[in-house]
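Read in order, the letters of the sequence shown correspond to residues 633 to 883 in the numbering used here. Each residue gets a CB set at the ideal place from its N, CA and C atoms; glycine is no exception.
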Amino acid sequence: MILEKITSKYINYITVRNYDKSKKYIGQDCIVKYLLNKKRLYKDDGEIIYKNFIEVKYNKDAKEEVDILKEKILNDIQNEKKFLIDNSLYNLLPNKGKISLKTQISQSLKVIREYLFDSNLILIGDIDYSFLGKNFVNIYKKQEDFDFYKYKAVILDPYGDEIFNDKDLEKYELFILGGIVDVGLNWQYATQYLFRNIDLPHKRIELYGSIKNVPDRINILIKILLDSIYLNIPLEKSIITNSPKKFIRYI
633 MILEKITSKY INYITVRNYD KSKKYIGQDC IVKYLLNKKR LYKDDGEIIY
683 KNFIEVKYNK DAKEEVDILK EKILNDIQNE KKFLIDNSLY NLLPNKGKIS
733 LKTQISQSLK VIREYLFDSN LILIGDIDYS FLGKNFVNIY KKQEDFDFYK
783 YKAVILDPYG DEIFNDKDLE KYELFILGGI VDVGLNWQYA TQYLFRNIDL
833 PHKRIELYGS IKNVPDRINI LIKILLDSIY LNIPLEKSII TNSPKKFIRY
883 I
């Protein structure tokens with residue numbers, strides 16, 4: 633969605649030869665694929681199929697390609713929020729945990745692409761990320777390779793000593809999550825251990841006074857934050873809206 637807003641600074645509409653009707657934000661989806669070199673965008677007139685920050689037209693015979701510099705869009709999107717998943721403890725996970733973590737990372741990228749772009753996701757961990765397919769994600773092998781103090785950052789920790797609130801959504805530029813999957817392991821304070829050498833605030837997300845009411849899947853947490861930030865939804869409401877139905881029954 634935010635890619636639509638950024639692109640609209642340079643062009644009023646885009647025309648496509650084909651599009652995915654299942655996507656809620658068709659313009660965003662088309663621009664993501666354009667930046668991934670998976671799709672061409674055109675200037676030709678056509679049938680209006682979508683209106684939001686930018687207008688999308690359909691013309692199966694479109695020929696004149698747009699001349700938007702991808703570098704401009706990619707540069708502008710860097711001013712938006714960023715999300716970091718640290719997978720440094722990946723090799724300590726059992727096989728089920730590894731599979732689950734990969735799924736959550738893949739779903740996290742999918743969610744981020746609904747609002748931002750690959751470059752707004754940062755991954756740390758010396759593992760094979762080929763399961764993500766073609767991507768422009770920022771990947772670092774170990775913590776020492778990344779400057780945690782480059783941005784105003786917060787570590788989301790279920791046992792953090794402060795409560796994360798709506799004001800923090802605006803305050804922080806980078807939201808850090810541990811690639812931790814508690815499958816067959818008792819990792820109650822794993823986030824604190826993972827970031828033991830990083831001097832940043834640890835904050836916990838609560839709902840109705842408890843961390844147990846908040847989903848722990850990484851992709852769902854990122855969706856909760858994105859909805860709150862870019863749809864201007866209160867954090868509490870975003871948690872409830874994005875919680876799985878089977879989970880929300882127990883709240």
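Taking all protein chains in view, the Cβ of Y747 is crowded by 16 or more other Cβ atoms within 10 Å, so the residue is classified as buried. Within a 10 Å sphere around the beta-carbon of D789 sit 16 or more other beta-carbons, which makes this residue buried.
Linking N711 to E805 through their CA atoms gives a straight-line distance of about 9 Å. When secondary structure is reduced to three states using DSSP, V846 falls in the coil class, being assigned neither helix nor strand.
Within the model, the alpha-carbon separation for F749 versus V664 is close to 7 Å. Inclusion of Y674 and T647 in the CB contact set at 8 Å is warranted, their separation being smaller than that value. Annotated three-state conformation of A694 is coil, per DSSP. Non-local beta-carbon contacts of E794 in its own chain, meaning distances under 6 Å to residues more than five positions away in sequence, involve K835 in chain order. Taking 8 Å as the cut-off, the beta carbon of L741 is found no closer than this to the beta carbon of K702. Counting along the chain, D718 sits inside no alpha helix (DSSP H); it lies in the beta strand (DSSP E) bounded by residues 714-718.
By the criterion of a C-beta distance shorter than 7 Å, I638 is surrounded in its chain by I705, D708, I709, once the five residues flanking it on both sides are discounted. The C-beta distance from K714 to Y783 rounds to 7 Å, short enough to fall under 8 Å. Here I854 carries a helix assignment [DSSP, helix/strand/coil]. For V743, the three-state secondary structure derived from DSSP is helix. The beta-carbon distance between V698 and I643, rounded to whole angstroms, is 6 Å. This is short enough to meet the 8 Å contact definition.
Pairing I872 with L755, the inter-Cα distance amounts to about 27 Å. Just measuring C-alpha positions, the residue of I850, S875, S860 sitting nearest K734 is I850.
If you ignore the 5 residues before and after D758, its C-beta comes within less than 6 Å of the C-beta of K773, all in its own chain and listed in chain order. Spanning the alpha carbons of Q736 and A822 requires a straight line of approximately 17 Å. The C-beta of S870 has 16 or more other C-beta atoms within 10 Å across all chains shown, which makes the residue buried. In terms of Cα proximity to I861, the closest of Y791, K803, S738 is K803. Residue environment for R828: exposed (fewer than 16 other C-beta atoms within 10 angstroms of its C-beta). In the same chain as D859, and ignoring 5 residues on each side of it, the C-beta atoms closer than 6 Å to its own belong to I865, S870, in chain order.
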